[in-house]
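Worksheet: one structure, shown below.
In my numbering, the protein residues as written are 4 to 256.
Listed below in structure tokens is the structure:
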């Protein structure tokens, strides 16, 4: 599955390369970007509410909830920040959704499959405060270092996603300040919460850690918070709830 997604991304990268060669890339956004790291390190339970209309593992999750509606509901539910899928083919995302969520003045994480410097440059033209870098997609220390550094140069926080101890080493060596542990195997699409239970044992003291995938109940948040996680990225259980804002409040209570 992961290869299908990254192969589809190659066409997008070719289009960006043509725009760059002709000097037609959108200008870099030079306005303020709300601090993503600051939002996660505030007292209490920090939940990153994710707008995800569909996924390869779940199919259509919620096609009726508009970005504008979701942003307002997530704010009402007490979200610390937003995560917005921008991958179009498999997640029904759109880069324009970032602008709609940024209007709420909370930090926005661009969640996509990013592995080329021009994708970082593309993100810099939006109001995103953070972007996701998946180590399993990049798998190259030098490239990961470059993408982390480039993101920070644009004042965008690189959130580095890991699934095992080797990837944690690569992320730490790249200077990542924010680590996202994905409990979902991106090849098999299976969720195992023991991934987070094991990896948190090796958390460096100065990193902020996010637990993602498979979090559906307050008891799970309480457990992983006790283990050392600082924040939780939650998408499917919020998006599929009859009242997303109430589900958010329940999880963050």
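Even glycine gets a Cβ: it sits at the ideal position worked out from N, Cα and C.
On the DSSP bridge list, what partners appear for residue 161?
As a working mapping, residue 161 is identified with position 158 in the chain shown. DSSP, once it has assigned bridges, lists 134 as partnering residue 161.
Any contact between the segment 75 to 95 and the segment 44 to 62? By contact I mean 3 or more CB pairs, one from each, below 8 Å.
These segments touch.
What would DSSP say about residue 240, mapped onto helix, strand or coil?
Sequence index remark: in the chain shown, residue 240 carries index 237 (1-based). Reduced to three states, the DSSP call for residue 240 is helix.
Determine the closest residue to residue 155 out of 123, 245 and 183, with distance taken between C-alpha atoms.
Within the chain shown, numbered from 1, the residue matching residue 155 stands at position 152. For the residues 123, 245 and 183, the minimum Cα distance to residue 155 belongs to 123.
Can you tell me which residues form a DSSP beta bridge with residue 143?
Sequence index remark: in the chain shown, residue 143 carries index 140 (1-based). Looking at the DSSP assignment, residue 143 forms no beta bridge with any residue, so it has no partner.
Indicate the three-state DSSP secondary structure (helix, strand or coil) for residue 152 in the structure shown.
Here residue 152 refers to the residue found at position 149 when the chain shown is read from its first residue. Here residue 152 sits in helix by DSSP.
From residue 111 to residue 166, what does the alpha carbon distance come to, in whole angstroms?
By 1-based counting over the chain shown, the position of residue 111 is 108. By 1-based counting over the chain shown, the position of residue 166 is 163. Computed Cα separation, rounded: 23 Å.
DSSP on residue 78, reduced to helix/strand/coil?
In the chain shown, the residue the question calls residue 78 occupies position 75. Reduced to three states, the DSSP call for residue 78 is helix.
Could you pull out every residue in the same chain whose Cβ sits closer than 7 Å to the Cβ of residue 198, ignoring the five residues on either side in sequence?
One-based indexing of the chain shown puts residue 198 at position 195. Excluding sequence neighbours, residue 198 sits near 166, 184 and 186.
If you reduce the DSSP assignment to three classes, tell me which class residue 198 lands in.
Residue numbering aside, residue 198 sits at position 195 when the chain shown is read from its first letter. In the structure shown, residue 198 sits in a helix (DSSP, three-state: H, G or I).
Apart from the five residues on each side of it in sequence, which residues of its chain come closer than 6 Å, Cβ to Cβ, to residue 255?
Here residue 255 corresponds to residue number 252 of the chain shown, with the count starting at 1. For residue 255, where only same-chain residues beyond five positions count, the Cβ hits under 6 Å are 48, 50 and 81.
So residue 132 packs on residue 37, CB below 8 Å; how close in whole Å?
Numbered from its first residue, the chain shown carries residue 132 at position 129. Numbered from its first residue, the chain shown carries residue 37 at position 34. With 8 Å as the limit, residue 132 and residue 37 qualify as a contact, their Cβ atoms being about 5 Å apart.
Pick helix, strand or coil for residue 124, following the three-state DSSP scheme.
On the chain shown, residue 124 is found 121 positions in, with the first residue counted as 1. Residue 124: helix per DSSP, three-state reduction.
Around the C-beta of residue 229, are 16 or more other C-beta atoms found within 10 angstroms, so that it is buried, or is it exposed?
Position 226 of the chain shown, counting from 1, holds the residue named residue 229. Under this definition residue 229 is an exposed residue.
Contact between the segment 57 to 76 and the segment 20 to 30: three or more CB pairs below 8 Å?
With the cut-off at 8 Å, the segment 57 to 76 and the segment 20 to 30 do not touch.
Could you tell me whether the Cβ atoms of residue 135 and residue 164 are closer together than 8 Å?
Along the chain shown, one-based indexing puts residue 135 at 132. Along the chain shown, one-based indexing puts residue 164 at 161. Cβ atoms of residue 135 and residue 164: closer than 8 Å.
If you check the beta carbons only, do residue 210 and residue 173 fall under 8 Å apart?
As a working note, residue 210 is residue 207 in the chain shown. As a working note, residue 173 is residue 170 in the chain shown. Cβ atoms of residue 210 and residue 173: not closer than 8 Å.
Does the segment 229 to 239 come close enough to the segment 200 to 215 to have 3 or more Cβ pairs within less than 8 Å?
The segment 229 to 239 vs the segment 200 to 215: in contact.
Since residue 181 and residue 162 are thought to touch, with beta carbons under 8 Å apart, how far apart are those beta carbons, to the nearest angstrom?
Position 178 of the chain shown, counted from the first residue, corresponds to residue 181. Position 159 of the chain shown, counted from the first residue, corresponds to residue 162. Sure, about 5 Å apart at Cβ, within 8 Å.
I'd like the span of the alpha helix (DSSP H) that includes residue 213, first residue to last.
Translated into the one-based positions of the chain shown, residue 213 becomes position 210. No alpha helix (DSSP H) holds residue 213; the beta strand (DSSP E) holding it covers 211 to 215.
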